[in-house]
Amino acid sequence: MKLSWPKNQRSKGFSIEENPYLNIPSKSFKVFRKNGGKLYSEGEKLDHFYRLIEGEVLLTKKDQLGRNILLLKVNQEDLLGFQAIQNSNVSTHTAHIHKPSRFMKIPLSLVTALPNFHDKLIQQLVAHLDQIEKVTLSI
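First residue of the sequence shown: 28, per my numbering; consecutive thereafter.
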């Protein structure tokens, strides 16, 4: 079964007015849709991170036996892939697109280029770490 977006929800662009939280210059990012598969994989070198505008993504990590362990279900407005900044730009998990999604792809270089952006990113990272810790403790 192929999933697709209704025609009235398709757009060719994304305005900054819709994105007051990150306030990123429009020429710095790309908006795209993806209906399934992987956004990126554990161990992959990343030069971008992503903001989930719509949809749902599942983050998994392989355990010592090679099994996929669910870390987190990511909903719209969350950031994905920015943890790679702390790991030499290498992803520490795999992002699986669970529902048709729309993403903003943002260069990692913006973390140092925009004032206050790093602080906003750290706030999101702390929120994600709290969620991951809760999931890990319940396993």
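Backbone N, C-alpha and C define an ideal beta-carbon position, used for all residues, glycine too.
N114 (DSSP reduced to helix, strand or coil)
In the structure shown, N114 sits in a helix (DSSP, three-state: H, G or I).
Once you ignore the five residues that flank D105 on each side, which residues in its own chain have a CB closer than 6 Å to its CB?
Excluding positions up to five away in sequence, the list reads L79.
Which of the three DSSP states is assigned to G130 in this structure?
Checking the displayed sequence, the identity of residue 130 turns out to be Phe instead of Gly. Strand, per DSSP.
Considering G82, what are the terminal residues of the beta strand (DSSP E) in which it resides?
Its beta strand (DSSP E) spans residues H75 to K89.
Quick check: the stretch 86-96 against the stretch 114-121, are at least 3 beta-carbon pairs closer than 8 Å?
Yes, since at least three Cβ pairs between the stretch 114-121 and the stretch 86-96 fall closer than 8 Å, the two stretches touch.
Using only CA atoms, which one of G108, I112 and L92 lies nearest to L99?
Of the residues G108, I112 and L92, the one whose Cα lies closest to the Cα of L99 is G108.
Do the CB positions of K72 and N116 come within less than 7 Å of each other?
Contact flag set, yes.
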